[in-house]
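Q: Protein chains in written order, with the working numbering: chain A, 1 to 165; chain B, 1001 to 1590.
Where a beta carbon is used, it is the ideal one built from N, C-alpha and C, also for glycine.
Before I ask anything, here is the structure I am working with.
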Ligand code: SF4
Ligand code: SF4
Ligand code: SF4
Ligand code: FES
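In structure tokens:
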């Protein structure tokens, strides 16, 4: 049977045992870092702008002609957390349907991006919005008005999606 | 009896049947669009192509055998349509070999050339034959790169049918249905080739009372119903079996429910009753009363106004008030709209607890609905059941047509109404003012409940389990589709996906679970408050008692009713044979 050194006293050398050189080493590292450039962000004064690949809160794409969504309900079906509710209505436009009601319960949403992936119209995308604070449960349920975002603001994400199509 | 072999499986069938019929009757599948068992054979979709052959014979007439002693089959070089080829003895059919699969893939590719990519906005998606077959019988690719042709997407064929010409695959099921079943021959193909479309004859409308059946038999989403268009995706709904409330035909239906609201009523196949069909009236006019204007709590009239109260108070009050009258002063108005179980409990309450034999029910006759298809004049679902259970022999002291007189003359002072709205008998309503006590168990607020002293919130047919007896005396079992406070646990997994998993902070499940009760439960509570000791737990308990006490229902139970799709009164020991029902829309597991 091998005899291994197992107690602390057996493992440490003399210099380690007296502790002082170790303290000096630690202080040395601190001193070195003090003069390096800083990475800390002064949030919220200084905000972080995520890349197009970031999955923030899902939003609906709003074009000049109105929302892209045709209320097919596929996002609602695929959502593993059952966060999305869609109620279709009929329009006179060519595409026949529009979401009479579209709500996402942000307390349920897990930011998986499945809704974006399944959407046949590229109508729902993950935005860069990560500041989500609510004062009540009802406030966390976003209706169409709060979900619709002009397409111009979503260019990064749409670009990213096309790239990986 | 000819014997044929489908994919090597031996099948006994009748002469004159087609291959597809023989296959379906034996629980086998052949992909198809245009064939429908109740319609003539059109043979135009070519989806059902199969390989057909027969054993090769030598010059002396004997069957040639190969080295393993199996007969050598010589196949017809071209594939044949299973829907149009009659069986013959010793026929060999392949429905699943490489040649057949290649043909199916080719047919699918052709059908999809001009088919729009509409599935996300198509009401049929999720129960579409073309979708299912594109998944199961197509190679999933198209070589067609040109632009698809476009047709008119929103045509109104009649008040209840919308047509989307782009989605139509020209199977002609709807045309044949209109000709052969609905007998309103107004639909026809016009144009040719990829321009083909269907038109309603000039100056005509497809508006017959059975028009909506084309919506189900259409294998794709070309036909939609204006009342259901875009209301819900099918996978968000629950579908529970029910029996039509419209009339005494007893048509088998299924109720599509989401957020505790009935969104559509569809036929369910029962070859002994409605076959594959359902009248437009039964689809459209018998769910609003379930969804709207409901009495949600029991109510008692206090100082001239109906006030909501707790169930136990309402029950106590009812018992106390009934006890103030002599049995002969009370009339029990039973109902042809209530189930056999409820009628049984009601008459037992009248005869054994109150000890009055004043019990009868209204019939609801409207001759304008009578036709030689499914339509009947009797507008209540359970007239035969009510007659059987209330018992012609123990006839009531007063008949229902003497009711108005008996109330005016003061002989009847108390009226207890179960599930009756006095439709077709409105002239009696004014006499109700003379009553000293009017107790009403009903679903909706109406002229009668407005006069009532005690209103007991009753559950509708969509919320209860029970049995109806139709015009042919067929007793049929049905189960609830809608949740009430009382049946919540029973409903459990029968709810739609969304309703099942919703929690209090989801707006999509903010449906109301109404505080109403099935009539027999109300009656049992009142009876027990009047010192009876009833202990029925489920509708089935009452049905067991009915079947042990009444000759007509002998040998019946819920399981048997389900198995045989209903049993005829006095004939439970001689049930109709169990059939392998064809369903146009559901892919049965293969
Ligand atoms: S998947 Fe897209 S088009 Fe369909 S309902 Fe969701 S957002 Fe609208
Ligand atoms: S008919 Fe079927 S395949 Fe065609 S769009 Fe509708 S669901 Fe899709
Ligand atoms: S509308 Fe439907 S049933 Fe009629 S021909 Fe077209 S696909 Fe067939
Ligand atoms: S089902 Fe046989 S050709 Fe259409």
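I need the boundaries of the beta strand (DSSP E) containing residue 1474 of chain B, first residue and last residue.
A: 1474–1478
Q: CA-CA distance, residue 1589 of chain B and residue 1458 of chain B?
A: Residue placement at residue 1589 of chain B is flagged as unreliable, the pLDDT there being 35, under the threshold of 50; the coordinate-derived value follows with that caveat. Taking the straight line joining both Cα atoms gives about 39 Å.
Q: If we cut at 8 Å on Cβ distances, does residue 125 of chain A have a partner in chain B?
A: no
Q: Let's see if you can read the secondary structure: which residues bound the alpha helix (DSSP H) around residue 114 of chain A?
A: 114–118
Q: Is there at least one non-hydrogen atom of ligand 4 closer than 7 Å to the beta-carbon of residue 170 of chain A?
A: Given a span of 1 to 165 for chain A in the structure shown, any question on residue 170 of chain A remains unanswerable.
Q: Residue ranges of each beta strand (DSSP E) run of no fewer than 3 residues wholly in the segment 1258–1293 of chain B, ordered along the chain?
A: 1261–1267
Q: Measuring alpha carbon to alpha carbon, tell me which of B/1545, B/1506, B/1498 and B/1525 ends up nearest residue 1236 of chain B.
A: Checked all of B/1545, B/1506, B/1498 and B/1525; the closest Cα to residue 1236 of chain B is B/1498.
Q: I'd like the list of long-range same chain contacts for residue 1163 of chain B, defined as Cβ closer than 7 Å, with 5 residues on each side in sequence excluded.
A: 1155, 1157, 1198, 1222 and 1223
Q: For residue 6 of chain A, which residues of its own chain have a beta-carbon under 7 Å away from its beta-carbon, when the five flanking residues on both sides are left out?
A: none
Q: Just verifying my parser: in three-state terms, what is the DSSP assignment at residue 1298 of chain B?
A: coil
Q: Could you tell me whether any Cβ in chain A is nearer than 8 Å to the Cβ of residue 1235 of chain B?
A: yes
Q: Quick check: does the Cβ of residue 1082 of chain B come within less than 7 Å of any heavy atom belonging to ligand 4?
A: yes
Q: For the alpha helix (DSSP H) that contains residue 1403 of chain B, what are its first and last residues?
A: 1403–1408
Q: If we ignore side chains and look at the alpha-carbon of each, how far apart do residue 1041 of chain B and residue 1565 of chain B end up?
A: 28 Å
Q: Could you please give the first and the last residue of the uninterrupted alpha helix (DSSP H) stretch that includes residue 1560 of chain B?
A: 1558–1564
Q: Give the residues from the segment 135–155 of chain A that approach chain B closer than 7 Å (Cβ to any Cβ), ordered along the chain.
A: 137 and 141
Q: Using the C-alpha atoms, what's the distance from residue 1490 of chain B back to residue 124 of chain A?
A: 38 Å
Q: If we count the other Cβ atoms within 10 Å of its Cβ and call it buried at 16 or more, is residue 1341 of chain B buried or exposed?
A: buried
Q: Using three-state DSSP, classify residue 1393 of chain B as helix, strand or coil.
A: Only weak support exists for where residue 1393 of chain B lies, its pLDDT of 49 falling under 50; the value from the coordinates is given anyway. DSSP places residue 1393 of chain B in the coil class of the three-state scheme, outside both helix and strand.
Q: Can we count residue 1140 of chain B as close to ligand 2, meaning its CB is less than 7 Å from some heavy atom?
A: no
Q: Can at least three beta-carbon pairs, one atom from the segment 1299–1310 of chain B and one from the segment 1461–1469 of chain B, be found at a separation below 8 Å?
A: no
Q: Below 8 Å, how does it come out for the segment 1373–1389 of chain B and the segment 1235–1249 of chain B: are there three or more Cβ pairs, yes or no?
A: yes
Q: Between the segment 1217–1241 of chain B and chain A, which residues of the former have CB atoms less than 9 Å from a CB of the latter, in chain order?
A: 1229, 1230, 1231, 1232, 1233, 1235 and 1236
Q: At a cut-off of 7 Å, would you count residue 1027 of chain B as near ligand 2, judging by its Cβ distance to the nearest heavy atom?
A: no
Q: Just to confirm, are residue 1172 of chain B and residue 1044 of chain B a CB contact at a threshold of 8 Å?
A: yes
Q: Of all Cβ atoms in chain B, is any one closer than 8 Å to the Cβ of residue 95 of chain A?
A: yes
Q: Taking 8 Å as the CB-CB limit, is residue 1381 of chain B close to chain A?
A: no
Q: Which stretch, first to last residue, makes up the beta strand (DSSP E) that contains residue 1155 of chain B?
A: 1155–1158
Q: State the DSSP-derived secondary structure class of residue 1589 of chain B, mapped to helix, strand or coil.
A: In this predicted model, residue 1589 of chain B has a pLDDT of only 35, less than 50, meaning its place in the structure is not dependable; the value taken from the coordinates is given anyway. Residue state, collapsed to three classes: coil.
Q: From residue 1017 of chain B to residue 1581 of chain B, what does the alpha carbon distance come to, in whole angstroms?
A: 16 Å
Q: Do the segment 1425–1440 of chain B and the segment 1449–1456 of chain B touch if we need at least three Cβ pairs shorter than 8 Å?
A: yes
Q: Going by the C-beta, is residue 1130 of chain B closer than 7 Å to any heavy atom of ligand 2?
A: Ligand 2 approaches residue 1130 of chain B closely enough that one of its heavy atoms is under 7 Å from the residue's Cβ.
Q: Return the first residue and the last residue of the alpha helix (DSSP H) that residue 1176 of chain B is part of.
A: From DSSP, the alpha helix (DSSP H) with residue 1176 of chain B extends over 1173–1180.
Q: Quick one, are the C-beta atoms of residue 1356 of chain B and residue 1390 of chain B less than 8 Å apart?
A: no
Q: Taking 8 Å as the limit between beta carbons, can you name the residues of its chain near residue 1393 of chain B, skipping five residues before and five after?
A: Any answer about residue 1393 of chain B is weak, because its pLDDT of 49 lies below 50 and its placement is not dependable; what the coordinates show is given next. If we look at residue 1393 of chain B and ignore the five residues flanking it on each side, it has no Cβ neighbours.
Q: Is residue 1157 of chain B close to chain A? Criterion is C-beta to C-beta, closer than 8 Å.
A: no
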